[in-house]
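Trainee:
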Amino acid sequence: MEEAGALNAAFSARGLNKKFGSLVVAHEIAFALPQGARHALIGPNGAGKTTLINLVTGVLTPDSGQVVLGGEDITHFAPAQRVRKGLVRTFQINSLFARLTPLEAVTLAVCERRGVAASWWRRLPDFSEAIAEAGEILSSLQLRSCATRVTSELPYGEQRLLEIALALATKPSMLLLDEPAAGVPKDESAQLFKAIEGLSNDLSILFIEHDMDLVFRFASKIIVMAGGRILVEGAPAEIARNALVREVYLGKARHD
Amino acid sequence: MLGSIAGVLYDGFAYGMLLFLLSVGLSVTLGMMNFVNLAHGAFAMLGGYVAVTLMNRLDWPFLATLPVAFLAAAAASIVLERVLYRRFYKASDLDQCLLTIGIVFVSIASAAYVFGTEQAVVRTPAWLQGSFVVGEQTFGVYRLFLIVVALALAAGLVGLLEFTRFGAKVRAAVDNQRMARGLGIDVDRVFALTFALGCGLAGLGGALAIELVGLNHTFAFSYLIYVLIVVSVGGLGSIGGSFAAAALLGVSTVAGEYWAPQTGSFLIYFVMVAILMWRPLGLFGKR
Amino acid sequence: MTSLTSAGAGDDLKIWLTKRTRWRGAEIVFWLACLLPYALTPDYLQLASQIAISALFALSLDLLLGYAGVLSLGHAAFFGLGAYTAGLLAAHGWGEPLTGLAAAGLVAGVCGFLASLIVVRFRGLALIMITLGLAQMLASAANSVSWLTGGADGLQGVDVKPLFGVFSFDLWGRTAYAYSLAVLFLVFLLVRRITNSPFGLSLRGIRENGVRMAALGAPNQAHLRKTFTIAAGIAGLAGALLTQTTETVSLQTLGFQKSADVLVMLVLGGVGRLYGGLVGAIIYMIARDQFSDMNPEYWFFWIGLMLIGVVVFLPGGILGGLSLLTRSWKRRAP
Chain F
0 MEEAGALNAA FSARGLNKKF GSLVVAHEIA FALPQGARHA LIGPNGAGKT
50 TLINLVTGVL TPDSGQVVLG GEDITHFAPA QRVRKGLVRT FQINSLFARL
100 TPLEAVTLAV CERRGVAASW WRRLPDFSEA IAEAGEILSS LQLRSCATRV
150 TSELPYGEQR LLEIALALAT KPSMLLLDEP AAGVPKDESA QLFKAIEGLS
200 NDLSILFIEH DMDLVFRFAS KIIVMAGGRI LVEGAPAEIA RNALVREVYL
250 GKARHD
Chain L
0 MLGSIAGVLY DGFAYGMLLF LLSVGLSVTL GMMNFVNLAH GAFAMLGGYV
50 AVTLMNRLDW PFLATLPVAF LAAAAASIVL ERVLYRRFYK ASDLDQCLLT
100 IGIVFVSIAS AAYVFGTEQA VVRTPAWLQG SFVVGEQTFG VYRLFLIVVA
150 LALAAGLVGL LEFTRFGAKV RAAVDNQRMA RGLGIDVDRV FALTFALGCG
200 LAGLGGALAI ELVGLNHTFA FSYLIYVLIV VSVGGLGSIG GSFAAAALLG
250 VSTVAGEYWA PQTGSFLIYF VMVAILMWRP LGLFGKR
Chain R
0 MTSLTSAGAG DDLKIWLTKR TRWRGAEIVF WLACLLPYAL TPDYLQLASQ
50 IAISALFALS LDLLLGYAGV LSLGHAAFFG LGAYTAGLLA AHGWGEPLTG
100 LAAAGLVAGV CGFLASLIVV RFRGLALIMI TLGLAQMLAS AANSVSWLTG
150 GADGLQGVDV KPLFGVFSFD LWGRTAYAYS LAVLFLVFLL VRRITNSPFG
200 LSLRGIRENG VRMAALGAPN QAHLRKTFTI AAGIAGLAGA LLTQTTETVS
250 LQTLGFQKSA DVLVMLVLGG VGRLYGGLVG AIIYMIARDQ FSDMNPEYWF
300 FWIGLMLIGV VVFLPGGILG GLSLLTRSWK RRAP
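Order-wise, the sequence lines are chains F, L and R. Count the first sequence with numbering that gives the first Met the number 0 and you get residues 0 to 255, in order. Count the second sequence with numbering that gives the first Met the number 0 and you get residues 0 to 286, in order. Count the third sequence with numbering that gives the first Met the number 0 and you get residues 0 to 333, in order.
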């Protein structure tokens with residue numbers, strides 16, 4: 000990890016460590032994301048990928064280490080605070096508002112971001128700008144047509160897109176996608192990733208994914224984790240050739 | 000009779016042991032399946048009334064009614080779990096509360112209909128009545144019996160949990176249900192058995208309660224609140240937690256009644272709120 | 000990604016959202032029907048007044064439980080605080096009803112705010128037991144300070160002056176019902192406003208998925224504190240109404256039975272449906288009046304059966320059932 004690269008990064012994590020008792024779930028995790036990054040995080044199950052996301056978003060407090068966003072040290076910020084600074088995640092298992100419609104859910108997120116969510120006197124429809132913004136976000140992910148259907152009645156692929164829409168509504172500068180295509184049928188997952196690809200170039204994205212086709216198509220850089228450690232980082236072509244990576248994956252395959 | 004700290008501790012501890020028997024089942028099943036069974040007290044009441052019926056109608060000796068009270072409550076719980084509860088494991092907390100409170104109300108009304116609304120009267124054997132003297136302090140014999148029974152059962156439960164295969168499965172299911180299922184443990188069966196055991200203990204507690212605190216048709220509801228205090232303060236899924244919380248509640252209640260009767264139950268609730276604020280998951284709770 | 004021009008982009012969405020906030024025909028019918036007792040059942044105006052008060056209390060709990068998802072078993076504490084505030088004022092010379100009402104709402108609201116500082120930090124079983132515990136502590140304390148509250152005998156000497164100096168509270172309940180109904184309606188308008196606002200949407204978000212709300216940067220606890228305070232204030236208004244229309248205050252206004260009753264009413268009508276508490280209160284109170292000569296045990300039997308029935312067969316309460324019916328009719332009709 001070149002220091003020069005880290006200095007210009009929109010986001011960097013240094014020396015993150017976490018253990019539960021004697022179980023080490025994260026060891027000396029360090030990586031950086033430049034602005035506009037499209038990086039992938041891969042590794043076998045139990046490698047600690049979700050743990051890394053939890054450490055970065057503040058759900059878990061690291062035993063040691065630093066998390067820096069846009070030059071600001073956010074290591075001791077609460078999760079909601081980090082969100083307001085622009086660090087946002089999506090969930091591997093959909094975490095949605097079952098009985099709200101996508102329109103309501105995204106408008107809610109927009110209102111929270113705009114700081115008007117506490118206003119109880121004016122009617123919701125009066126907030127035209129927030130609603131228009133919600134409409135745009137829904138359109139950008141092809142969700143406009145189902146915007147007024149209850150979330151729990153939507154097909155899974157749409158729910159997955161809504162998961163991302165909610166994150167976008169917070170206008171993040173850095174987005175962590177935890178297995179965005181999980182559970183989505185093959186033909187729809189490419190479309191999902193195209194939607195992700197089309198997101199703003201100012202936005203830095205780190206996504207966890209198991210589907211190697213998607214990873215190699217959409218990532219400009221790949222980080223490989225195993226056993227709570229980062230094994231190696233590099234461009235997709237290098238990673239594909241890397242013997243250690245193949246060992247980690249093939250070694251796992253032998254046990255499956 | 001109660002003249003000193005020793006007396007208060009003794010009576011309080013005995014009362015706590017009764018609360019332990021009434022509560023431990025709920026603590027474990029709540030910790031395992033997160034199913035809020037507010038009707039737990041109804042099983043205690045059932046056990047109590049089974050004992051009453053056997054003693055008064057069929058002239059059974061007191062001790063013989065205890066295992067039957069246990070079995071009757073356990074059997075009833077198996078039926079109820081199969082027929083009704085099973086469908087609501089995924090339901091919201093509110094729905095589970097409402098469903099089981101509804102069952103409590105129905106059971107109270109049924110008890111009133113069958114047994115009337117007066118206190119149940121039973122004759123416990125002569126050797127359990129009376130008191131003995133240690134130094135200058137008098138202690139009731141029945142309370143000693145209660146303490147011995149509860150301690151024996153607590154030891155038995157701990158032994159079951161720590162040293163048997165079944166106990167290992169119970170611990171696994173309480174710790175992490177998904178993982179336990181993944182390991183091939185039939186969590187539903189473990190739960191059904193644990194549920195039966197817990198309700199059986201409540202039934203036993205109900206039978207034992209008659210001599211100490213009395214039994215009438217409102218028992219299922221009036222003791223629900225104490226059971227909830229024990230479970231929330233002790234921590235879900237913890238036998239040790241239930242034991243400690245029950246003992247604490249028992250002693251606090253008796254101490255309060257003896258030394259500060261004008262404050263009523265204020266002290267109890269104050270202590271409970273304070274403990275929960277300090278440890279929201281209970282003294283020994285993990286989740 | 001091209002997006003639609005911003006001028007028309009949000010319009011259809013806005014229209015959809017606006018339609019949800021419109022007054023429905025059934026609502027107008029409902030409120031007009033509330034005036035019927037004056038014409039149809041003039042002997043039952045006191046009961047109607049009690050129903051309106053219970054409905055107001057249930058509405059306050061609905062805001063807390065139905066919209067924010069906070070299960071409080073001690074909500075009667077605020078009802079009782081309001082009741083005793085109005086009662087003490089009236090018993091010590093300040094019998095003017097409207098100011099007494101305002102004072103009661105204020106006291107209950109402030110206490111609600113203070114309680115919320117503790118309560119909203121918890122969830123699950125701890126939350127339920129803390130709300131229960133705090134309320135029981137208050138009830139116990141109120142019993143102990145019988146020199147102030149009258150203890151088990153209730154507060155004596157509550158003397159409420161005529162409303163606006165003209166309409167006195169008589170045994171027939173004409174003033175009582177008009178007063179209670181007016182307060183209920185005005186507060187209802189307020190609550191309706193809240194639920195149709197962005198704040199109301201946030202509350203529903205917290206109820207549906209508090210974790211996601213936090214992941215969106217929402218200040219859940221601040222939202223909940225506000226809700227708790229407002230709900231407490233409204234409950235206090237309801238308590239004051241009871242005191243002023245019956246000229247008595249008893250410890251029952253603080254009791255667990257009261258907290259339980261209002262929950263049953265709300266569940267019966269349908270939680271989170273704005274009118275659920277109102278409908279539930281009407282049905283529950285009328286039933287209780289009709290069956291008042293029934294043995295209390297049998298009353299418990301039917302209530303228990305009803306609760307089981309609602310959970311098993313009719314999860315949305317009566318209003319939920321009605322909305323399912325109308326939706327299936329709409330599907331059949333072209």
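By construction, the Cβ of each residue, glycine as well, lies at the ideal position given by its N, Cα and C atoms.
1. Does the beta-carbon distance from leucine 54 of chain F to leucine 68 of chain F come in below 8 angstroms?
2. Name, in chain order, the residues that DSSP records as bridge partners for alanine 225 of chain F.
3. Residues of chain L with CB closer than 8 angstroms to the CB of serine 143 of chain R, please, in chain order.
4. To which residues of the same chain is glycine 199 of chain R closer than 8 angstroms at the C-beta, ignoring the five residues directly before and after it?
5. By the 10 Å Cβ neighbour count, where 16 or more other Cβ atoms means buried, how is glutamate 27 of chain F classified, buried or exposed?
6. Taking the alpha-carbon positions, what's the glycine 158 of chain L to valine 69 of chain R distance?
7. What do you get for arginine 88 of chain F, buried or exposed, if any count of 16 or more other CB atoms within 10 angstroms of its CB means buried?
8. Report all residues from its chain with a CB closer than 7 angstroms to the CB of leucine 243 of chain F; omit the five preceding and five following residues, and keep chain order.
9. With H, G and I counted as helix, E and B as strand and the rest as coil, what does DSSP make of glutamine 220 of chain R?
10. Do asparagine 195 of chain R and leucine 123 of chain F have their beta-carbon atoms positioned less than 8 angstroms apart in this structure?
11. Threonine 292 of chain L touches chain R at which residues, Cβ-Cβ below 8 angstroms?
12. Of all the alpha helix (DSSP H) runs that stay within the bounds of the region 61 to 114 of chain R, which reach a length of 4 or more residues?
13. Among R/Asp158, R/Asp260 and R/Trp301, which has the Cα closest to the Cα of leucine 72 of chain R?
14. Would you say alanine 217 of chain R lies against chain F (beta-carbon separation less than 8 angstroms)?
15. Using only alpha-carbon positions, find the residue among R/Leu16, R/Leu113, R/Ser53 and R/Ala47 that is nearest to isoleucine 229 of chain R.
16. Is the region 12 to 28 of chain L close to the region 79 to 95 of chain L, with three or more CB pairs under 8 angstroms?
17. With 8 angstroms set as the bound, which would you pick, yes or no: does the beta-carbon of serine 201 of chain R sit closer than that to a beta-carbon of chain F?
18. Can you give, in chain order, each stretch of the alpha helix (DSSP H) that sits fully within the region 251 to 317 of chain R and has at least 4 residues?
19. Between which residues of its own chain and asparagine 200 of chain F is the CB-CB distance below 7 angstroms, once the five residues before and five after are set aside?
20. Considering Cα atoms alone, identify which of R/Val118, R/Gly275 and R/Phe290 is closest to glycine 315 of chain R.
21. Residue ranges of each beta strand (DSSP E) run of no fewer than 3 residues wholly in the region 1 to 59 of chain F, ordered along the chain?
22. Name, going along the chain, the residues of the region 11 to 33 of chain R whose beta-carbon falls closer than 7 angstroms to a beta-carbon of chain F.
23. Beta carbon of valine 248 of chain R, beta carbon of glycine 99 of chain R: below 8 angstroms?
24. How should histidine 91 of chain R be labelled, buried or exposed, when 16 other C-beta atoms within 10 angstroms of its C-beta is the threshold for buried?
25. Please determine, among R/Asp158, R/Ala175, R/Arg272 and R/Ile281, the residue with the shortest C-alpha to C-alpha distance to tryptophan 93 of chain R.
26. Touch check for the region 199 to 218 of chain F and the region 30 to 46 of chain F: three-plus C-beta pairs under 8 angstroms?
27. Counting only runs of 3+ residues fully inside the region 133 to 183 of chain F, write out the beta strand (DSSP E) ranges in chain order.
28. Please decide whether serine 127 of chain F counts as near chain R, where near means a Cβ-Cβ distance under 8 angstroms.
29. For leucine 160 of chain F, which residues of its own chain have a beta-carbon under 8 angstroms away from its beta-carbon, when the five flanking residues on both sides are left out?
30. Kindly indicate if chain R contains any beta-carbon less than 8 angstroms away from that of valine 253 of chain L.
31. Return helix, strand or coil for serine 130 of chain L, following the three-state DSSP convention.
32. Step through the CB atoms of chain R and report whether any lies within less than 8 angstroms of the CB of valine 183 of chain F.
33. Tell whether a beta-carbon distance below 8 angstroms holds between valine 118 of chain R and isoleucine 127 of chain R.
34. Terminal residues of the continuous beta strand (DSSP E) containing valine 157 of chain R?
35. When you compare the CB of glycine 134 of chain F with every CB in chain R, is at least one pair closer than 8 angstroms?
36. Check this for me: beta carbons of leucine 262 of chain R and leucine 60 of chain R, under 8 angstroms apart or not?
Mentor: According to the structure shown:
1. no
2. F/Arg228
3. Gln261, Thr262, Gly263 and Phe265
4. Tyr66 and Ile193
5. exposed
6. 39 angstroms
7. buried
8. Leu230 and Val231
9. helix
10. yes
11. For chain L, the structure presents residues 0 to 286; residue 292 of chain L sits outside this window and is missing.
12. 75 to 90
13. R/Asp260
14. yes
15. R/Leu113
16. no
17. yes
18. 255 to 268, 275 to 289 and 295 to 312
19. Gly35
20. R/Gly275
21. 10 to 19, 22 to 32 and 37 to 41
22. Leu12, Lys13, Trp15, Leu16, Thr17 and Thr20
23. no
24. exposed
25. R/Asp158
26. yes
27. 173 to 177
28. yes
29. Leu140, Gln141, Leu142, Leu191 and Ala194
30. no
31. strand
32. no
33. no
34. Element bounds for valine 157 of chain R: n/a, residue is neither H nor E.
35. yes
36. yes
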